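Peer 1:
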Amino acid sequence: MTKHALQKDPLNAIITGVGGQGNVLMAQLFGRALTDKGFAVTVGDTYGAAQRGGPVSSHLRISKQTLYSPLTPSGQADIIISLEPVEALRVLGGWGNPGVVVISNTRPSYPFDVTSGGADYPALADITAAAEELAQKTLFIDASEIALEMGAPVLTNTIMSGLAVGLDLFPITADDFIAVLKNQFDDKKFNLNHSAFQKGLDLAASNKWSD
Amino acid sequence: MENKAYIRGQKELREEVHDTGLCTGCGACVNLCPYYATSRDKTVVKDLCDRTAGRCYAFCPRTPTDLEAIRQQLFEPQDLTPELGAVKGFYLTRASDPDTRSLAQHGGTVTTLMSLALSEGIIDTALLAEGGGSDLPSGVAVSQASEVSKLAKSKFIAAPMVEAFNKAVLSDAQKIGVVATPCQTLALAKMKMKPFPKNDSQIGKLRLTIGLFCGWVLSWRSFKQLLDQKIDQRKIVSLDIPPSKYKTMQVETNSGLVEIPLDEVEACVREACKFCTDVTAEFSDISVGSARLPDGWEVAKGWNQVIVRTTAGEALMQLAKDRRVLEFREVPGGNLDKLKQASLKKKRTALDNLACKSGDRDDLLYLDCRDPVFQTFDW
Amino acid sequence: MADISNKTEGLADLLLGSEAIGRGALEGGVNVVASYPGNPSTEITEAIRQVAEKMNIYVEWSVNEKVAVETAAAASFAGLRGLSAMKQNGLNVALDFVSGISTSGSNGGLVLVVCDDPSGITSTSEQDSRPLARSLDFPLLEPGTFQEAKDMTRFGLELSEKIGRMVLFRSATRLQHARGRTLLGSLPEEKRKAHFDTSKQYVAFPSLPRHVEAKERMAQAKELCKDSAFNVYEGPENPDLLIITCGSCYLYALDAMNLLGLWDRVGILKIGTVWPLPDDLIKTHMAKNSRILVLEEVEPFLEGNLKELAVEWAADVSMPTFFGRRTGPLSDTGELNPDIIITALTEILELTYEARPPAYDQQAKAMVEKLVPPRSLALCAGCPHRASYWAIKNAEVLDTRDGFVTGDIGCYSFGLFPSGYSIMKTEQAMGSGPGVGYGFGKLGQFDMQQPVVAVVGDGTFYHGALPALVSAVNNQSNLTLVVLDNGATAMTGFQPHPGTGLDAFGHPAKPVLIEDICKSLGVRVEIIDPYDSEAATQKVLDFMNDEQQGPRVLIMRQQCALQMARSGKLYDVWVDQEKCVGEDCGCNRYCSRAFKCPGIMWDAQAQKARIDEAICVGCGVCAQVCRHEAILLKPLKAVQGKDS
């Protein structure tokens, strides 16, 4: 099996985060890159009212042939990519299984329930420990910090995309994804996203999975 | 005796006081934090607070209170009487200044004492009620003795004086005097007990409490409705209730005197007053009320009865005597006894009402049935 | 959003269900698209709008759904092709006209796309629109895949034109908000001209003969759909169980079949032409199956009609055992998903299935319970609706007469929830805040003492509040109406409305101002900035206690916080850590716990409040909320947003 072949059919990835973080676009770009490679892809977005603040997940169902439903059945995720740490756990709770791999940003986005005093936000160490226990392997990275250093917090999703591609989570190459980025953005935005994507690829090279 | 005076939070204050008709509207819970306000004669909860213990509950005169502990702490034991609380002296007085008398409801004693305290520097800020009649009264801060007499009329609707106190302590005022109703003096006394050590540093600013005799106050909304039926309220000059045998409220207007039958007025009494055991403001330094004289109401209404309760009160009375700003007359025999009987009557009624409300003679809601005072008479 | 105008026929594109419908409309030669936004239908019109100018298509966001369908219908009457898209609630608004056109008929291809919302994820109901097709004699198409969403839209326009009747097209949230591989078809070259043939009438009266004609047209539609490729059977010749399904349930059923490995035992008959039903096809399959499971969203519409057919065919087809939402084991409420269908299949076929090891399952669920806080939806940081509700809430408390709010649909529906202080006590339909508030305002003769504040958004004001306001003037209802004017139809993505002065393309349009409408009605109307907290509270109190007869309108105007986030903060906001009282008696995190702006965080370590720079838009209201002067402001620009 080659490095960029489909490891499993269907391959189920859930890209999650909080409204406004850009995970819907991220899933769309992956979906497009995979479609361009000839895969049958379904990307299902699950969210409530079209507003900030709620959890938003995109379900990517990737197959060589068949179209799968926009909702991944429980316990069937192969990959979880999260732009927010507790959202990684939320998805893991419903769709996790002993074989799932998790990559997540570590920057919290505090739920309304926490800021308004009704609930507590767990410590990052507790989050990573819980994820390590439930996943085959995990990688937690402060991608938001890198995005902030680049001057644009919205680049977090592109950095995480680079990380996912660099870790060979999907049957696509970096060039496949960059082609989609080029198609999506004007030159100025493309350049910014391209370098964010590259940072993600670098992170993949310099970080190790926690088993 | 086991102490009944525990401290809880807003939830319990709402459940035990606001929602049960026990709230006196004194404002003890207002201005401590942003969660409460006084509006239209009501203490309202603006927002919910989830603290399990708060000053709102600790200071409220209608949360469980160990009255005996307060008596022991604030007064000298030899002065204590079961009927009237601490009595160091009992006087009949009126303002020496006829202008003060003419502006005052009765003898002008409260005006005189507050003006004196201000001008002598005993206090730098006097808190008095403004408005009244059918208007919504409020507590105002006054720092000039000359301003006191402008605010001298009786109020049949209570101004939230403790709210005004809570506001004044945040200002530049250092020495504060308050004119207050009995429930309000109890709230201030509870503050003096410093039940909430972390936040009570401000109570030291309270230097003088002048309590007003009080049988009840009226609910603004009900009373306004009653007056609406009777009079054009813009014409009201003053309100008064002569001794009970007259069974009437007298409303002085620019077009003459209007009388309203007292039972109609009493139907407007604030619910919380039915559960009050204190007619003479027992927890003040000096208590002042209208006088009763054998000469009849027309003479009596120009005088005040005064109970001096603390050494601070005693010193101020002495000063008033020395400065000749108050006139004194001999107290007729039997006046004190009559006052004691009136006080006992209110205590009995209140305890009966409390027992009736709780459905259990041993449960007096905010009061403790084991209080030694309540053992001294039948109810 | 994808550009749906690609000319490469046969290209495999990744399209949202909404975009696929939009592309289908282009392929079907649509000329006029008039819609009202509402989740999950909005993106259909958005997708077409983005390419409309270059393709000479007229697109508008109409004032409401009824006007939208009327606009599309006019195109049809003039021989053009028209489409209108709306959510299921919107269909109700349009229903009077929809009923009329079912009788009158139409000319050019006319499709009404209604997007239902099973489970009512972003709706006030999970109403199933399909029964209307039967009761009003419309053909109804329901796509199961993205490809079908595209192809059926084109087919719908063609079918409509052939039978002279509007076609209903039913989509649902899950398809609308998902992307899937779609092969593009060709775009038509034909350029139609609008001309109304005056020898014809499109009238709904006399209705009986027109109803007879409608029935004939339905029979025609049935004939045209008889061999439709949208109705497909997959599975063994003689299965143990037949699944009959339509819409988004189709893909869930495929997932369930794959996971349970049932392709040799169970067959799936997917129906795309849901009304009128393809009887012959169904009869063939019913004859071969003794057990039928019906999967559909949400009402047992298909199930009921299949049972009716089974009774009709009782003489020559033995009665199968039905499973479904009416018979069970499926619930008769809520959206389906693969898991629910897996459970139903394991129950019917007596199978066992474990999605993951039971010990893992327990551990995963316990972990969520222990660590993962809920993430309730809330008004955004700096949202002017929060500021308005804060003022209204305070005014109602200070008024002491147990007042409350009647409201309706928009971001401001969050007045239902803690984020909006739960002050909204009635909420039903677009414009029902003013409508119900108007009704309360007439209850004075029954001693109603409580002050009622009706709220309505700016978009909703035009959409559905005007009749109530006119009635309130006419009948002198004691109504305090607060218009929460954030200058946009914000909830659905900033579509213009008659007050914005812009059309669907962002070109200037003639604005119709709310204050002008109110003035023309002789109503007391004032405009106030809700960010000016105390003044707003006092103004609401003043309006609530206005003793003049009749309604009065207070416009609380401030731009949407999402716009503010783009245009820049009004203030730099920070917390003076020395002055912050934190959780002590005297504050107890008043800014975060009582005011509840998510831009205010709690620093548990320092036991102080902190501003979340990432989401604070610098509205400055929290500085007015803090009693300890601990929240500080530095103005960043001349106060904007006070746009009138």
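Residue numbers (this note's numbering), protein chains in the order written: chain Y, 679 to 889; chain E, 71 to 449; chain B, 8 to 651.
Here a beta-carbon is modelled for each residue, glycine too, at the ideal position from N, C-alpha and C.
The structure displayed is predicted, hence computed values, not measured ones.
In the DSSP assignment, find the unbroken alpha helix (DSSP H) run with A472/B in it and report its ends.
Peer 2: Premise fails: A472/B is in no alpha helix (DSSP H) and is neither H nor E.
Peer 1: What in chain B is Cβ-close to K116/E, meaning under 7 Å?
Peer 2: The answer, in chain order, is N401, V404.
Peer 1: Pull out every residue of the region 161-191 of chain B whose Cβ sits closer than 8 Å to any Cβ of chain Y, in chain order.
Peer 2: Answer in chain order: R181, L182, H184, A185, R186, G187, R188.
Peer 1: How would you call N99/B, buried or exposed, if buried means at least 16 neighbouring beta carbons within 10 angstroms?
Peer 2: The residue is buried, with at least 16 neighbouring Cβ atoms inside 10 Å.
Peer 1: Got a sec? Which residues, its chain only, sit under 7 Å from Q244/E by beta carbon, not counting five neighbours each side?
Peer 2: Cβ within range, chain order: D194, K275.
Peer 1: Going by beta-carbon coordinates alone, are I251/B and H292/B separated by less than 9 Å?
Peer 2: Contact flag set, yes.
Peer 1: Between the beta-carbon of G254/B and the beta-carbon of V273/B, is there less than 9 Å?
Peer 2: No.
Peer 1: List, in chain order, every chain E residue whose beta-carbon is nearer than 7 Å to that of R393/B.
Peer 2: Those do not exist, as R393/B stays about 14 Å from chain E at its closest Cβ, beyond 7 Å.
Peer 1: Tell me the DSSP secondary structure of Q375/E in three-state form.
Peer 2: It is a strand residue.
Peer 1: Quick check on the burial criterion: 16 or more other C-beta atoms within 10 angstroms. Buried or exposed for H514/B?
Peer 2: So H514/B ends up on the exposed side.
Peer 1: Check the Cβ of A808/Y against every Cβ in chain B and list those closer than 7 Å, keeping chain order.
Peer 2: Those are M374, L378, listed as they occur along chain B.
Peer 1: Under 7 Å Cβ-Cβ, which residues of chain B neighbour K220/E?
Peer 2: Here the premise fails: no neighbours, minimum Cβ distance about 27 Å.
Peer 1: In the DSSP assignment, what residue or residues form a beta bridge with Q272/E?
Peer 2: According to DSSP, Q272/E bridges with nothing at all.
Peer 1: Please return the same chain residues whose Cβ sits closer than 6 Å to the Cβ of C598/B, not counting the five positions on each side in sequence.
Peer 2: For C598/B, where only same-chain residues beyond five positions count, the Cβ hits under 6 Å are I607, A616, C629, V632, C633.
Peer 1: Roughly how far, in whole angstroms, is the beta-carbon of A222/E from the beta-carbon of G178/E, given that I think they are within contact range, below 8 Å?
Peer 2: Confirmed, Cβ separation roughly 7 Å.
Peer 1: Just reading off the beta strand (DSSP E) that N783/Y is part of, what are its end residues?
Peer 2: Segment 779-783, the beta strand (DSSP E) holding N783/Y.
Peer 1: When you compare the CB of D451/E with every CB in chain B, is at least one pair closer than 9 Å?
Peer 2: Lying outside 71 to 449, the shown extent of chain E, residue 451/E is not represented and no answer is given.
Peer 1: So V102/E contacts chain B; which residues on that side make the cut at Cβ distance below 8 Å?
Peer 2: The displayed chain sequence assigns Leu, not Val, to residue 102/E. Going along chain B in sequence order, the residues near L102/E (Cβ under 8 Å) are C592, G593.
Peer 1: Considering only the alpha carbon of each residue, which of S106/B, Q612/B, G627/B, P605/B lies closest to Y788/Y?
Peer 2: Per the Cα distances, P605/B.
Peer 1: Put W367/E into one of helix, strand or coil per three-state DSSP.
Peer 2: DSSP places W367/E in helix when its eight states are reduced to three.
Peer 1: So the candidates are Q134/B, D234/B, P216/B, P380/B; which of them puts its Cα closest to the Cα of P307/B?
Peer 2: When each option's Cα is compared against that of P307/B, the closest is Q134/B.
Peer 1: Have a look at H184/B and E361/B and give me their C-alpha separation to the nearest angstrom.
Peer 2: Roughly 29 Å separates the two Cα atoms.
Peer 1: Return the residue from the list M62/B, D583/B, Y578/B, M159/B that minimises the CA-CA distance to C623/B.
Peer 2: Closest option to C623/B, Cα to Cα, is Y578/B.
Peer 1: Per the DSSP calculation, F160/E is bridged to which residue(s)?
Peer 2: Per DSSP, I377/E.
Peer 1: Taking DSSP as the reference, what is the three-state secondary structure of W449/E?
Peer 2: In the structure shown, W449/E sits in coil (DSSP, three-state: anything other than H, G, I, E or B).
Peer 1: G112/B and E168/B: beta carbons closer than 9 Å?
Peer 2: In this structure, E168/B does not lie closer than 9 Å to G112/B by Cβ.
Peer 1: When you compare the CB of K112/E with every CB in chain B, is at least one pair closer than 9 Å?
Peer 2: By this cut-off, K112/E is an interface position.
Peer 1: Determine the DSSP secondary structure at V37/B, reduced to helix, strand or coil.
Peer 2: Note: V37/B maps to coil in three-state DSSP.
Peer 1: Tell me the rounded alpha-carbon separation between L859/Y and F875/Y.
Peer 2: Computed Cα separation, rounded: 9 Å.
Peer 1: Which residues, in chain order, does the region 613-626 of chain B contribute to contact with chain Y at a C-beta distance below 9 Å?
Peer 2: Cβ contacts with chain Y come from D619, A621, I622.
Peer 1: Just how far apart, CA to CA, sit K211/E and K220/E?
Peer 2: It is worth fixing the name first, because residue 211/E is Ala in this sequence and not Lys. Each residue's alpha carbon lies about 12 Å from the other.
Peer 1: Could you please tell me which residues of the region 123-147 of chain E, in chain order, have their CB closer than 7 Å to any CB of chain B?
Peer 2: Here the close residues are G124, R125.
Peer 1: Within 10 Å of its beta-carbon, does P365/B have 16 or more other beta-carbons around it, so buried, or fewer, so exposed?
Peer 2: Looking at its Cβ environment, which holds fewer than 16 other Cβ atoms inside 10 Å, P365/B is exposed.
Peer 1: Return helix, strand or coil for E765/Y, following the three-state DSSP convention.
Peer 2: Looking at E765/Y - three-state DSSP - the assignment turns out to be helix.
Peer 1: Answer yes or no: do L278/E and A174/E have a C-beta to C-beta separation smaller than 9 Å?
Peer 2: Not closer than 9 Å, so no.
Peer 1: In terms of alpha-carbon separation, which member of L261/B, S83/B, E319/B lies closest to K200/B?
Peer 2: Among L261/B, S83/B, E319/B, the Cα nearest to that of K200/B belongs to S83/B.
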